[in-house]
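Residue numbers (my numbering): 29 to 303. Note that beta-carbon positions come from the ideal geometry of N, C-alpha and C, so glycine has one too. Since the structure is predicted, the reported quantities are computational estimates derived from the model, not experimental observations. In what follows, a structure is listed as structure tokens, so that the remarks can point back to it.
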Amino acid sequence: MSAPPEPPRELSSSWSSRIVRSLRTIHRPVDARLLALFRMLFGAVMFYETRYYIQVGVPGVGLTAPKVLFKYDGLEWLHPLTEAGMTNLLDVMGLLALAIMVGLFHRVATALFTLGFAFIFFQDKALYNNHLYLFVLLGGMLSCMAASRVWSVDRALPWNRGLPTTVPLWMPLLLRVQLFIVYFYGGIAKLNGDWLIHHQPMRAALENWTRGTDWHGFMTAAPTVMFFTYGGLLFDLVIGFLLWFPRTRLLGVLGMLFFNVTNHLMFDDIGVFPF
């Protein structure tokens, strides 16, 4: 059997050049402040989340009191600690979240926090919420990034003072891509009969939110329900694109504010997702 023909030298060279240019682009240094701001906000939100878990009784009512936990496939061996142990774990995670926020050994702190959060998250399918899974992903990514080159305690340490105040482009870019995927997939998930035809669960959410108010009739009228239903679908599908490009970013930010404030007011069981 004869060997397959080699690709034209020009074509091979063209692809090699593109790959090299792409690698150079994603490793191009950019200002580290945006990534540092993300680290600080992530740490603050995670600190609140650990306090919230304790407040609503996740260690007891959520994990140790139930006789049956709905295990993930392959994780049947994973079992919670005692109620006191889970509470202590959340306390330690709260301290780690503060370390993330101020940038104190942030990679170690983020990795340990993410392991603890994943340990809790994967205990029971009934605890699942998509933004909680997102926190696991973001924590794993952030633990591999140089997110404490500015605005951090790490920066003040003697052995870090000579580091540049830039980070490779791929670091903030990876976080942007991940958030883009979350929103776009949220739109794809809404392409079903319940959402498109029956306008559920948006109809039920609007009814519960406005029950007993003077504006209940308006908010549950068909045009309003359709506005929120199809508006939510359109938002998820396009918001990633609006935020990606500088010319449309302001419109995307305004859309994010409206969408997330509305979610915060309308739903009382989605935790810190709107923020």
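- One Cα belongs to Ala139, the other to Phe70, and the distance between them is close to 13 Å.
- Rounded to whole angstroms, Val195 and Arg56 show a C-alpha spacing of 8 Å.
- About 18 Å separates the beta carbon of Pro274 from that of Leu63, a gap too long to meet the 8 Å contact definition.
- Within its own chain, the residues whose Cβ lies closer than 6 Å to the Cβ of Arg61, once the five positions on either side in sequence are excluded, are Val178, listed in chain order.
- One Cα belongs to Met173, the other to Asn188, and the distance between them is close to 15 Å.
- Across the set Met74, Phe287 and Leu262, the C-alpha of Met74 shows the shortest separation from the C-alpha of Leu166.
- Tyr211 is the residue among Leu132, Tyr211 and Val130 whose C-alpha sits nearest the C-alpha of Leu162.
- Considering only Tyr80, His292, Leu224 and Arg277, the residue with the shortest C-alpha distance to Gly259 is Leu224.
- With fewer than 16 other CB atoms across the displayed protein chains lying within 10 angstroms of its CB, Ser42 is exposed.
- Counting only runs that start and end inside the stretch 100–162, the alpha helix (DSSP H) elements of at least 4 residues fall at 111–130 and 134–149.
- Bounds of the alpha helix (DSSP H) holding Pro251 are Ala250 to Trp272.
- By the C-beta criterion, the stretch 74–87 is judged to be in contact with the stretch 115–126, since at least 3 inter-stretch pairs fall below 8 Å.
- By the criterion of a C-beta distance shorter than 8 Å, Phe66 is surrounded in its chain by Leu170, Ala175, Pro200 and Leu203, once the five residues flanking it on both sides are discounted.
- Residue state for Pro87 is assigned as helix, using DSSP reduced to three classes.
- If you draw a 10 Å sphere on the C-beta of Lys95, you find fewer than 16 other C-beta atoms in it, and that means exposed.
- One thing to note: Val164 has its Cβ no nearer than 8 Å to the Cβ of Ala137.
- The way I'd put it, the stretch 128–135 doesn't touch the stretch 90–109; fewer than three beta-carbon pairs between them come closer than 8 Å.
- If you draw a straight line from the Cα of Ile128 to the Cα of Thr193, it is about 18 Å long.
- In summary, Ala125 is buried, with 16 or more beta-carbon neighbours lying within 10 Å of its beta-carbon over all protein chains present.
- Take the alpha-carbon of Phe286 and the one of Leu197: they are about 29 Å apart.
- With respect to the C-alpha of Phe263, the residue from Thr241, Gly88, Trp243 and Asn291 having the closest C-alpha is Asn291.
- With contacts defined as CB atoms closer than 8 Å, Leu234 and Phe255 fail to qualify as a contacting pair.
- Assigned with DSSP and collapsed to three states, Thr194 falls in strand.
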